[in-house]
Amino acid sequence: MQIEKIKKLLDQAVKRYNVKGFIKNDPISIPHRYTKKEDIEITAFWTAMLSWGLRKTIINKCNELFGLMDNAPHDFMLNHEDSDLKKLLDFKHRTFNTTDTLYFIAFFKWFYSNHKSLEEAFQKNYNSEDAHVGNALIGFHNLFFSLEDAPGRTKKHVATPERKST
2 MQIEKIKKLL DQAVKRYNVK GFIKNDPISI PHRYTKKEDI EITAFWTAML SWGLRKTIIN
62 KCNELFGLMD NAPHDFMLNH EDSDLKKLLD FKHRTFNTTD TLYFIAFFKW FYSNHKSLEE
122 AFQKNYNSED AHVGNALIGF HNLFFSLEDA PGRTKKHVAT PERKST
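This is the structure in structure tokens:
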């Protein structure tokens, strides 16, 4: 049966990747450093957006980014002053630039000022009877770019099934 093959494949992947030895040198190590749920959500999402290229470079860039936030991203999102953003103006990773960084911060500030968990952004459009999570991903993408003046260029960094992006 097909489901049994898929389960076997996923179980093999868990054995290979869900171990400390793999995590240590992988971008997934970034959110693993945090204990506060909101910090984990922010760093996991942002790290995923920056995860293309060499793993070492991705980890270094994420360390740089979250270091600029005093390694307290949730607190930074909610409590930063405009003057605090100046130190982030030079942050870039490949095609991810200042415009993208400032928009991500604006979204997270708005979102966490109105919601407790990023899970809410996905659950809003999730139906357990759907054959897949496509609607939840589309809904999240639409919410993420719902702020006034959302830059069009930033949309390339957040995948959505509507664009058939991965």
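Following the working numbering, the numbering of the sequence shown begins with 2 at its first residue and continues without gaps. Even for Gly, the Cβ is constructed at its ideal location relative to N, Cα and C.
Contact between W47 and F105 holds, since their C-beta atoms are separated by about 6 Å, short of 8 Å. Nearest Cα to I24 within the set E39, K57 and D40: K57. Here K37 is not near L51, since their CB atoms are 8 Å or more apart.
Here H94 is bridged, per DSSP, to F97. DSSP places T161 outside any alpha helix (DSSP H), giving it a letter other than H or E. With 16 or more other Cβ atoms inside 10 Å of its own Cβ, T155 counts as buried. Going by C-alpha positions, E120 is about 20 Å away from S30. For I29, the secondary structure class from DSSP, reduced to helix, strand or coil, is coil. Here the region 81 to 90 does not lie against the region 144 to 158, with fewer than 3 beta-carbon pairs under 8 Å apart.
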